[in-house]
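S.K.:
Here it is in structure tokens:
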């Protein structure tokens with residue numbers, strides 16, 4: 014399955030007074046991610062696709078989202094997007110959000126630089 | 014079940030180039046509706062609730078939405094919101110969107126004014 | 014000058030991690046206010062106006078805004094909007110934001126209820 | 014003057030029913046651009062800056078914007094941002110938006126590939 018991955022910096026204006034992403038902003042981020050996935054798969058932008066096919070966007074019929082860990086202002090999150098199923102006249106897009114974590118550098122590696 | 018009902022005018026800035034609501038905007042509308050539902054039930058605003066209870070918002074864990082008919086720029090939609098289930102430490106809020114339709118005035122009523 | 018006045022509740026999703034309105038949201042609020050001003054003046058909604066006049070919105074050429082006091086989550090702000098100047102093919106809209114303050118009830122009035 | 018330049022794809026959800034950027038979205042884009050400018054100048058993110066300095070964002074006192082040409086869905090715009098003036102306790106940030114135009118490939122260059 015073709016997966017498009019992109020890193021999104023969580024900006025000040027994406028966040029609410031609790032300092033975490035105001036959840037509707039996730040859906041705007043995912044909508045952009047869908048456009049980028051199709052751009053990568055088809056070799057043309059959503060705009061070009063719409064010009065050529067004379068369609069007016071992907072009508073959305075169903076959304077399901079689970080929020081596992083909140084993203085905070087300043088986080089860099091990796092959004093991975095793919096079409097998980099194609100049917101005759103509809104398809105499912107799946108997005109997955111993961112925070113980029115600083116991985117601690119193992120002691121043995123540090124040692125070599127000492 | 015307590016249902017809070019409010020009418021929301023779909024504004025220019027809520028809509029996308031297809032002239033219909035950009036779907037993340039629905040979630041912002043629903044989030045406001047949840048706040049208003051709690052305000053009606055508790056007799057205090059979400060702000061007052063947060064001051065008193067020292068909590069920082071309702072963490073959202075799961076969303077499901079089905080889009081049946083698109084709302085367009087200029088529509089007045091009625092959003093009805095209620096808590097469909099309370100559990101020990103979580104609850105479900107259900108929102109329902111309906112367009113206000115002009116109901117045709119029955120001929121017999123018109124006739125009385127003729 | 015015709016002034017349209019409306020009260021806007023500052024919602025959770027309008028605010029940033031500092032707990033105050035994320036300023037681009039003011040402009041969305043003002044844009045709605047302009048639509049409501051025209052609706053009141055013309056007796057038709059912006060949608061109806063656009064249908065009739067076959068124009069596609071008010072092109073914006075210039076914006077100036079001064080931010081005097083921040084609005085916070087939970088505030089009710091009164092937005093007063095009016096057209097301050099009409100020229101041949103352009104016009105200026107002025108919006109003014111004021112927080113609704115709870116006015117302390119004078120002691121002599123309280124006394125009458127004691 | 015340090016100028017930070019970045020390319021922003023105008024997304025579907027940035028645009029209104031006229032197919033052009035809903036102007037409050039520009040201000041969100043510019044706000045991100047200011048954060049990126051400071052990140053480049055200071056070598057730390059806005060988040061890190063706020064952690065260290067214990068300040069809660071840049072209070073905005075004045076905005077002026079002129080809209081010369083509209084940006085449309087699908088456009089790639091270059092946003093150039095710089096601090097045009099520093100005063101004792103305030104500063105001005107200037108953002109400039111330019112569409113990326115496809116430059117026609119000169120005939121003499123095409124010829125070499127024929």
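Chains as they are written, first to last, in my numbering: chain B, 14 to 127; chain U, 14 to 127; chain D, 14 to 127; chain V, 14 to 127. Built from N, CA and C at the ideal position, the CB exists for glycine as well.
#1: Among all the DSSP beta bridges, which residues are the ones paired with residue 20 of chain U?
#2: When you check each C-beta in the region 67-101 of chain U against every C-beta of chain B, which residues fall closer than 7 angstroms?
#3: Does DSSP put residue 46 of chain V in a helix, a strand or coil?
#4: For residue 31 of chain V, decide whether its Cβ has a neighbour in chain U, counting only Cβ atoms nearer than 9 angstroms.
#5: What does DSSP give as the partner residue(s) for residue 104 of chain D in the beta ladder?
#6: Span of the beta strand (DSSP E) holding residue 77 of chain D?
#7: Cutting at 8 angstroms between CB atoms, please list the residues of its own chain near residue 35 of chain D, excluding the five before and the five after it.
#8: Does residue 91 of chain U pass the burial test, meaning 16 or more other C-beta atoms within 10 Å, or should it be called exposed?
#9: Buried or exposed, going by whether 16 or more other CB atoms sit within 10 Å of the CB of residue 37 of chain B?
#10: Does residue 26 of chain D have its Cβ less than 9 angstroms from a Cβ in chain B?
#11: Using a cut-off of 8 angstroms between C-beta atoms, extract the partners of residue 48 of chain D located in chain U.
#12: In terms of DSSP beta bridges, what is residue 109 of chain D paired with?
#13: Mind pulling the chain V residues with CB within less than 8 angstroms of residue 35 of chain U?
#14: List, in order along the chain, the chain B residues whose C-beta lies closer than 7 angstroms to that of residue 40 of chain U?
#15: Rounded to whole angstroms, what is the Cα-Cα separation between residue 14 of chain U and residue 97 of chain U?
#16: Is there a C-beta anywhere in chain U that falls below 9 angstroms from the one on residue 20 of chain D?
#17: Closest Cβ-Cβ distance between residue 60 of chain B and chain V: below 9 angstroms?
#18: Taking residue 45 of chain B as the query, report the chain U residues whose CB atoms sit under 9 angstroms from its CB, ordered along the chain.
#19: Taking a contact to mean a Cβ-Cβ separation below 9 angstroms, would you say residue 100 of chain V touches residue 77 of chain D in this structure?
#20: For the alpha helix (DSSP H) containing residue 59 of chain V, list its first residue and its last residue.
#21: Pick out whichever of B:64, B:24, B:56, B:75 has its Cα sitting closest to the Cα of residue 32 of chain V.
#22: Would residue 75 of chain B be called buried (16 or more neighbouring beta carbons within 10 Å of its own) or exposed?
#23: Could you name the residues of the same chain whose beta carbon sits closer than 7 angstroms to that of residue 87 of chain D, not counting the 5 residues immediately before and after it, in chain order?
#24: Report the rounded CA-to-CA distance for residue 58 of chain B versus residue 50 of chain D, giving the unit in angstroms.
#25: Using CA atoms only, rank isn't needed, just tell me which of U:47, U:106, U:39 is closest to residue 81 of chain U.
#26: Nearest to residue 85 of chain B by alpha carbon, out of B:73, B:111, B:71, B:93?
#27: Taking C-beta to C-beta, are residue 48 of chain D and residue 25 of chain U nearer than 9 angstroms?
#28: For residue 19 of chain U, which residues from the same chain have a beta carbon less than 7 angstroms from its beta carbon, with the 5 sequence-adjacent residues on both sides left out?
#29: When you compare the CB positions of residue 16 of chain B and residue 94 of chain B, do they come within less than 9 angstroms of one another, or not?
#30: In angstroms, rounded to a whole number, what distance separates the CA positions of residue 66 of chain U and residue 66 of chain V?
#31: Answer with buried or exposed for residue 113 of chain B, where buried requires no fewer than 16 other C-beta atoms within 10 angstroms of its C-beta.
M.R.: For this structure:
#1: Partner(s): U:91.
#2: So the close ones are 69, 70, 73, 74, 75, 76, 77, 78, 79, 80.
#3: DSSP, read as helix, strand or coil, puts residue 46 of chain V in helix.
#4: With 9 angstroms as the cut-off, residue 31 of chain V counts as an interface residue toward chain U.
#5: Paired residues: D:99.
#6: Taken as a continuous stretch (DSSP letters only), the beta strand (DSSP E) holding residue 77 of chain D covers 75-79.
#7: 27, 28, 29.
#8: With fewer than 16 Cβ atoms within 10 Å of its Cβ, residue 91 of chain U is classed as exposed.
#9: By the neighbour-count criterion, in which 16 or more other beta carbons inside 10 Å mark a residue as buried, residue 37 of chain B falls on the buried side.
#10: At least one C-beta of chain B is nearer than 9 angstroms to the C-beta of residue 26 of chain D.
#11: Residues of chain U with a Cβ closer than 8 angstroms to the Cβ of residue 48 of chain D are, in chain order, 24, 25.
#12: According to DSSP, residue 109 of chain D shares a beta bridge with D:93.
#13: Correct list: 25, 26.
#14: Those are 36, 37, 40, listed as they occur along chain B.
#15: Going by the C-alpha atoms only, they are around 7 angstroms apart.
#16: Closer than 9 angstroms: no.
#17: Interface residue, yes.
#18: When 9 angstroms is used as the limit between beta carbons, residue 45 of chain B is near no residue of chain U, the shortest such separation being about 11 angstroms.
#19: Here residue 100 of chain V is not near residue 77 of chain D, since their CB atoms are 9 angstroms or more apart.
#20: Run containing residue 59 of chain V: 59-66, per the alpha helix (DSSP H) assignment.
#21: Closest option to residue 32 of chain V, Cα to Cα, is B:64.
#22: Exposed: under 16 other Cβ atoms inside 10 Å.
#23: Cβ contact annotation for residue 87 of chain D (same chain, cutoff 7 angstroms, sequence separation greater than five): 23, in chain order.
#24: Their backbone Cα atoms lie some 38 angstroms apart in a straight line.
#25: Selected option, being the one with the closest Cα: U:39.
#26: Selected option, being the one with the closest Cα: B:111.
#27: In this structure, residue 25 of chain U lies closer than 9 angstroms to residue 48 of chain D by Cβ.
#28: Same-chain partners within the cutoff: 46, 49, 92.
#29: The Cβ-Cβ distance between residue 16 of chain B and residue 94 of chain B falls below 9 angstroms.
#30: Approximately 29 angstroms between the Cα atoms of the pair.
#31: Residue 113 of chain B comes out exposed.
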